[in-house]
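What follows is a set of notes on a single structure, which appears directly below.
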Amino acid sequence: MTTRLSPLRIVLIAALLAVVALGAFWALRANGPEGGSPDADAAATIAAGGFSAEQEEAIGQMVRRYILDHPEILPEAIAELQRRQTTEQLAQAGDGITRAFPGAVLGNPDGDTVLVEFSDYACGYCRQSVEDVKALVAANPDLKVVIRELPILSQGSIEAAKMALAAAKQDKFGAFHEAMYAEGRPTDEAIERAARAAGLDMERARADAGSEQVASELEANRTYAEQLQISGTPAWIAGDEVMQGAVGESALRIALYPEDR
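All residue numbers for the sequence shown refer to the working numbering, where the first residue is 476 and numbers rise by one.
Structure, rendered in C-alpha cells:
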C-alpha cells in the first residue's frame, strides 16, 4: 500500500524534524552526553502527532532524500538557529549589558553605536585587539566601547580588573587600560606601575579596588558571560552579534555597521 501525505503536511513534518534534530544537536553541544537522546526526542514528537510506523518511515525517507539533494540547507539552518539563539540570549541579558560601569568606557561615552568587549588583562588576544578597538574609535566618533572586565585567567587578572574599575571612578580608565596592556603580564608590580602611569590617586584607588561596588561589577560580568555562553576573552557584542576571540577590526566594523557591507 502506498502512503500519501499532503504537500503541506510533508513540509510541516520535514520542518518539525529539522527543528528537533538541530535542537538536539545544539542541546548535546551545550550539555554534553548526559542530555536526552535525539532519536528518542524525534520519536516522541512524531508519536504525539499520531503517525503510523509506515508514515514515520515515509517521512524519514523524504527528509533524508531532501537533505541529500539540498545539503546547503544545513549550514543555513544552523546559522539561523545560532542567530535566534543569540537574539534570545541578548534579550535574557537585558539592556544592562550595554550600560558601562561608571567611567569604564572607551571612545564617545555618549555615543549611540555601542560595542561591548569582555576582556582580561592577562589575555594576549585581548592585548592584540587593543589596536583594533583604537582604530574603530578613531574612525567612528559616535562609537561607545563598553569594557566589561572578565578576569578569568589568573589572580593577577582579578587585581588588574579591580584597579581598572578604580581608575574608572577617577575618570582615568582609558589611561590605565592602555598602560596595563602595555605592561604585559598583570603582576602586582605591573599593576602598580600602570596605575601610577595613569596618574591615579593610589590611596583612593586601592580603597575603590576593594569596594563592594567593584566586586558586584565583576560578579555581574561573570553572570552576563554565563548567559551568553562566553567562555573566553576577548568576547564582543557588536550589533546583534556575539563573537569570541580576536576577530579583528574588519569583522567588528561589519557587525557594527552592516549597512556599509
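For glycine and all other residues, C-beta sits at the position ideal for the given N, C-alpha and C.
Following the continuous alpha helix (DSSP H) through residue i, name the residue where it begins and the one where it ends.
i	result
Ala730	Glu724 to Leu731
Gln530	Ala528 to Asp544
Leu581	No alpha helix (DSSP H) holds Leu581; the beta strand (DSSP E) holding it covers Val580 to Gly582.
Ile666	Asp663 to Ala672
Glu678	Met677 to Ala684
Glu734	Neither: Glu734 is in no alpha helix (DSSP H) and is coded neither H nor E.
Thr573	No alpha helix (DSSP H) contains Thr573, which DSSP labels as neither H nor E.
Gln693	Note on identity: in this sequence residue 693 is Leu, with Gln being the wrong assignment. Counting along the chain, the alpha helix (DSSP H) containing Leu693 begins and ends at Glu687 to Gln702.
Kindly indicate the opening and closing residues of the beta strand (DSSP E) around residue i.
i	result
Ile712	Ala710 to Ala713
Gln719	Glu716 to Gln719
Going by DSSP, which residues form a beta bridge with residue i?
i	result
Leu618	Thr588
Gln645	Answer by DSSP bridge pairing: none, since Gln645 is not bridged.
Ser594	Glu624
Nearest-angstrom Cα distance between residue i and residue j?
i	j	result
Ala575	Glu624	10 Å
Arg539	His545	10 Å
Glu658	Ala730	30 Å
Ala728	Lys637	Note on identity: in this sequence residue 728 is Arg, with Ala being the wrong assignment. Those two C-alpha atoms are separated by around 29 Å.
Glu692	Gln530	55 Å
Ile488	Glu547	Caution is warranted here: a pLDDT of 48 is assigned to Ile488, below 50, making its placement in the model unreliable, and the coordinate value is therefore given only provisionally. Looking at the two C-alpha atoms, the distance is approximately 19 Å.
Asp676	Ala614	32 Å
Pro626	Pro733	30 Å
Glu716	Ala635	28 Å
Asp585	Asp617	8 Å
List the whole-angstrom C-beta distance separating residue i from residue j, where the pair is believed to meet the contact cut-off of C-beta under 8 Å.
i	j	result
Ala672	Ala654	4 Å
Ala680	Gln645	7 Å
Val605	Tyr656	5 Å
Would you say the beta carbon of residue i is closer than 8 Å to some non-hydrogen atom of the ligand HEM?
i	result
Thr573	No copy of the ligand HEM occurs in the structure displayed, which carries no ligand at all.
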